[in-house]
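Numbering (full-length UniProt numbering), first residue to last: 1 to 165. Beta carbons: idealized from backbone N, C-alpha and C, even for Gly. Just so you know, these numbers come straight off a predicted model, no measurement behind them. To keep things clear, I will list the structure first and then write my remarks on it.
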Amino acid sequence: MTEIHEGQRVAVLADSQNLYHSAQSVYSRNVDYSKMLEKAVMGRQLTRAIAYVIRADSPDEESFFEALRDIGFETKIKEIKTFGDGSKKADWDVGISLDAVTLADHVDTVVLCTGDADFSRLCSHLRHEGVRVEVVAFEESAAADLKAAADSFIDMSEREDTFLL
1 MTEIHEGQRV AVLADSQNLY HSAQSVYSRN VDYSKMLEKA VMGRQLTRAI AYVIRADSPD
61 EESFFEALRD IGFETKIKEI KTFGDGSKKA DWDVGISLDA VTLADHVDTV VLCTGDADFS
121 RLCSHLRHEG VRVEVVAFEE SAAADLKAAA DSFIDMSERE DTFLL
């Protein structure tokens, strides 16, 4: 696939729920989105940076959403759904996939910031379409299928002092 060069147009799509739970379960810390975005872009031309977040009525979430926007992320917010049995669900898998496919005609590289195996097929599709796919995630929680399907994998665990707050 295409090598990295400064003229590449890049879209960064961050699965915030996946990143949050990975950072919390492994390190009990939060992700530094500014450093993650900087590493994902690597001096190339940023076309879009989108953070997919869930509104869970947490006291600090609005300031988190605002901080993401200040860093340069567009935020897409989904309300958490509560079902009759009390169970809750919210994920952005379809939304992230649709945005990635839509952006594929406008970028050279899509950087997926997630370790979710559900995106393995998306990686294969994008690569088939000639788009370079990079995955940024924590090794401990990144699916082997996802890493294998991407052109490159950046392990945030290798530089936890950089990627974690």
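Counting only residues of its own chain and dropping the five nearest sequence neighbours on each side, Arg9 has a CB closer than 6 angstroms to the CB of Gln45, Thr47, Val107, Asp108. Scanning its chain for C-beta atoms nearer than 6 angstroms, with the 5 sequence neighbours on each side dropped, one finds around Ala14 the residues Ala51, Cys113, in chain order. Between the C-alpha atoms of Leu98 and Asp105 there is a straight-line separation of about 12 angstroms. By a beta-carbon distance limit of 8 angstroms, Ile77 does not contact Phe64. Their separation comes to about 11 angstroms. Of the candidates Gly7, Gly115, Leu103, Ala11, Gly115 places its Cα closest to the Cα of Asp155. Judged by DSSP in its simplified three-state form, Asp57 adopts coil rather than helix or strand. Apart from the 5 residues on each side of it in sequence, Ala149 sits with its Cβ closer than 6 angstroms to the Cβ of Ser120, Cys123, Ser124 in its chain, given in chain order.
With a cutoff of 8 angstroms on beta-carbon distance, Ser22 and Ala100 are scored as not near each other.
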